[in-house]
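The structure under discussion appears below in the form of structure tokens.
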């Protein structure tokens, strides 16, 4: 059985995530932003320092939630004792010691981004509060931007044969299997 590694440059992926996040915010503001601020002010609210502090805390809390969603989906395929989280100041990492199939890895990698961005979209259209709508937009943008590395690794895995097994090492992947199916 052949073993290869897939690595990434975390600084480059972080830069891409920031660009995706800023692009998402600009796109949202161009389409809807002015009306959301108007709705917020018409409801008798004002944006103040506490709203900004709450937004920053919301952003910071979303990062570990993203990684915990990786843990939740990984536990569907491997025992919890083989799933590890390494907390950090900004970048947390989830690592899975047991091999996942190609399909399992794709689900494992994309699940947090789908849940967070999907939750943001649902919150935006279902909840009437302008402040919750704003937090929903932030959640959606963070869900998409935070999944940048996951999407990059998924694209790399999609190029591999269907019979490979993948071990997530946190900052890279170990691929077990042959080059051919």
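In the UniProt record's numbering, the protein residues as written are 1 to 181.
By construction, the Cβ of each residue, glycine as well, lies at the ideal position given by its N, Cα and C atoms.
Cα atoms of residue 143 and residue 93: separation of roughly 15 angstroms, rounded to the nearest angstrom.
DSSP, read as helix, strand or coil, puts residue 170 in coil.
Of the candidates 63, 3, 134, 121, 63 places its Cα closest to the Cα of residue 148. Each residue's CA atom was taken as its position, placing residue 121 and residue 127 some 10 angstroms apart. Here DSSP, grouped into helix, strand and coil, assigns residue 75 to coil. Considering only 150, 56, 10, 24, the residue with the shortest C-alpha distance to residue 107 is 150.
Beta-bridge analysis with DSSP links residue 57 to no other residue. Residue burial is scored here from C-beta neighbours: residue 164 has at least 16 other C-beta atoms within 10 angstroms and is therefore classed as buried. Around the Cβ of residue 87, a 10 Å sphere holds fewer than 16 other Cβ atoms; the residue is exposed. C-alpha of residue 85 to C-alpha of residue 102: approximately 21 angstroms in a straight line. Per DSSP, reduced to three states, the secondary structure at residue 176 is strand. In chain order, 77 place their CB closer than 6 angstroms to the CB of residue 104, counting only its own chain and leaving out the 5 sequence neighbours on each side.
Ranked by Cα distance from residue 146, the options 11, 156, 6, 17 are led by 17.
Collapsing the DSSP output to three states places residue 86 in a strand.
Exclusion of the five residues before and after residue 8 leaves 149, 152, 153, 171, 172 as the residues of its chain whose Cβ lies within less than 8 angstroms of its Cβ. Scanning 65, 91, 155, 53 for the CA closest to the CA of residue 119 turns up 65.
A Cβ-Cβ contact shorter than 9 angstroms links residue 177 with residue 2.
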